[in-house]
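Some notes on the structure that comes next.
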Amino acid sequence: MRIAACLFTAALVPTILVAQGTSGAFVVTLGKDTVAVERYTRTATTLTGDMIVRNNAPVVWRHYTASLAADGRVTRYEFTNTRLFAGGATQPALHLVGTFTADSTLFAGTFLDSALSVPAATPGGAMPLVGYSYALYELYFARARAGAGNAQTTLSLISPGDAQPSARLVRVVRPDSATVGFLDDPTTTSFRLDAAGRILAVDGRATSEKFTAVRVATLDLEALKAAFAGRPLGRLSPPDSVRTTIGGASIAVDYSRPSTRGRKIFGDAVVPWNQVWRAGANAATRFTTSADLVIGGTTIPAGTYTLFTLPSPSGWKLIISKQTKAPCKTAAECADPRRAPLWGTDYAADSDFVRVDMQVEKLPQPVEQFLIRVESQGTGGAGGGVLKLEWETTRAWVAFTRK
2 MRIAACLFTA ALVPTILVAQ GTSGAFVVTL GKDTVAVERY TRTATTLTGD MIVRNNAPVV
62 WRHYTASLAA DGRVTRYEFT NTRLFAGGAT QPALHLVGTF TADSTLFAGT FLDSALSVPA
122 ATPGGAMPLV GYSYALYELY FARARAGAGN AQTTLSLISP GDAQPSARLV RVVRPDSATV
182 GFLDDPTTTS FRLDAAGRIL AVDGRATSEK FTAVRVATLD LEALKAAFAG RPLGRLSPPD
242 SVRTTIGGAS IAVDYSRPST RGRKIFGDAV VPWNQVWRAG ANAATRFTTS ADLVIGGTTI
302 PAGTYTLFTL PSPSGWKLII SKQTKAPCKT AAECADPRRA PLWGTDYAAD SDFVRVDMQV
362 EKLPQPVEQF LIRVESQGTG GAGGGVLKLE WETTRAWVAF TRK
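Take the position in the sequence shown, starting the count at 1, then add 1; the result is the number in the numbering used here.
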């Protein structure tokens, strides 16, 4: 279900049009689906708001209150998550209080019946980063405007419960526009602002998250609570796997499955032409074989690899990468067995093992959720196998044999 930006059916989402002032609301979408809604009020000393978040099961109602210093910094951030179920049942799930000082952050509270306490060192101070809460971003932009005249700043942002912050470059490009992004990532989320610095629209389609949001005067959250309770979207790109044996080789693929959600996929903002795509979502797609394979005339030794693709209007390439762990900077980091698996956006061309051409064909029926298949050819895989990637109306595939 998606909420229209400025018009809601009277039965589902009646809208009360009021002057926006220091109050407002946001509707956050991924394609045609409403992922979250937020309604907030800000004064010189406090920011309070309520949200409904649908990206996981069950749906969550979030109430938050932030205390603001004179310079706009957040000194305290308290929120409560309440689970919403069909029929009106609710369950308190999470209550956290974050305290922010010049050099540290502490989130403490309870999750169900368990106590939580997560301290973090944040030299220079940090601001809270809460998923789908764009009211906080207006505070970020105010901080950027208060900088050294260039309307940009690097902010240390920390999500509730995280043990360390991450840095974001916040830029007010013009009086009516701003961007936020990681320091080492050229892709940014774009924001359209009004003359008072309030967010009018959000476009994250250039990033891996792909969310968009629009400002509305207010929302009837009680009506939305009744409409969305018991109707979660679930994980937006759930993990899946393929396990099979072909020609005596055990093959495994671990990947995530994004959905079209009414969007044009290939050649658009979701998967642009001529840009490396992770062949899935979230963590990088992992391919493991117990025996040597031959793909596109190249021998692929037994082992674990990462799969990427390079789609273009004239053809696709499959990229088989040797990189399977998160990037590292020191010898100690690289040797650490606890190093995290590779994230799908951390592609490094110097780790390519091989690039091979893929065959591309149009599917007879659209595929809503991205799918990877590994199928045998011939009896018992005697003729080898085929790796197939299917999404929207496109199938890209490549054949392989056991060496």
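Cβ coordinates follow ideal geometry from the N, Cα and C atoms, glycine included.
The three-state secondary structure of F371, taken from DSSP, is strand.
For Q324, the number of other beta carbons within 10 angstroms of its own is at least 16, and it is reported as buried. Counting every other CB atom within 10 Å of its CB across the protein chains shown gives F80 a total of 16 or more, marking it as buried. Between S377 and I200 the beta-carbon gap is near 52 angstroms, outside 8 angstroms, which marks them as no contact. Just measuring C-alpha positions, the residue of F101, V75 and L117 sitting nearest A94 is L117.
Within 10 angstroms of the beta-carbon of D255 lie 16 or more other beta-carbons, which makes it buried. Here A214 is near F27, since their CB atoms are less than 8 angstroms apart. Apart from sequence neighbours up to five positions away, the residues of its chain that approach P342 with a beta-carbon distance below 8 angstroms are A284, A285, R287, T325, K326 and A327, ordered along the chain.
Taking all protein chains in view, the Cβ of T305 is surrounded by fewer than 16 other Cβ atoms within 10 Å, so the residue is classified as exposed. DSSP places S242 in the strand class (E or B) of the three-state scheme. DSSP, read as helix, strand or coil, puts E79 in strand. Looking at the DSSP output, P129 sits in a beta bridge with I159. In the DSSP assignment, K226 falls within the unbroken alpha helix (DSSP H) covering L222 to F229. Going by DSSP, L140 is part of the alpha helix (DSSP H) stretching over A136 to R146. In the three-state reduction of the DSSP assignment, G89 falls in the helix class.
The DSSP-derived three-state label of A332 is helix.
The beta carbon of S238 sits closer than 7 angstroms to those of S257, R258, P259, A282 and N283, all from its chain and outside the five residues before and after it, given in chain order. About 13 angstroms separates the beta carbons of L234 and V38, which is beyond the 8 angstroms limit, so they are not a contact pair. Only residues of its own chain outside the window of five on either side were considered, and among them none has a CB closer than 7 angstroms to the CB of A197. For the set V277, I266, A250 and T289, the Cα lying nearest the Cα of S242 is the one of T289. Excluding residues up to 5 positions away in sequence, S191 and T213 lie with their Cβ nearer than 6 angstroms to the Cβ of D204 in the same chain.
Looking at G132, P120 and V174, the one whose alpha-carbon comes closest to that of F142 is V174.
Counted as a single uninterrupted DSSP element, the stretch harbouring T188 is not any beta strand (DSSP E), since DSSP gives it neither H nor E. By the Cβ neighbour-count rule, E334 is exposed, with fewer than 16 other Cβ atoms within 10 Å of its own. Secondary structure at S105: strand, using DSSP grouped into helix, strand and coil. For L319, the enclosing beta strand (DSSP E) has its first and last residue at G316 to S322. Contact between T44 and T76 does not hold, since their C-beta atoms are separated by about 14 angstroms, which reaches or exceeds 8 angstroms. Assignment of A292 by DSSP, reduced to helix, strand and coil, places it in the coil class. Comparing alpha-carbon positions, the option among S322, V399, Q366 and A349 lying closest to D358 turns out to be V399.
P161 and G379 have their C-alpha atoms some 53 angstroms from each other. In this structure, the straight-line span from the alpha carbon of S115 to that of A109 is close to 11 angstroms. Taken through DSSP and simplified to helix, strand or coil, S352 comes out as helix.
Each of R340, A349 and C329 was checked against the Cα of S322, and the nearest Cα belongs to A349. According to DSSP, residue pairing for W392 in a beta bridge involves T395. Annotation: the continuous beta strand (DSSP E) that includes S118 extends over S115 to A122. The residues V361, E362, K363, L364, K389 and L390, in chain order, have a CB closer than 8 angstroms to that of R396 in the same chain once the five nearest residues on each side in sequence are set aside.
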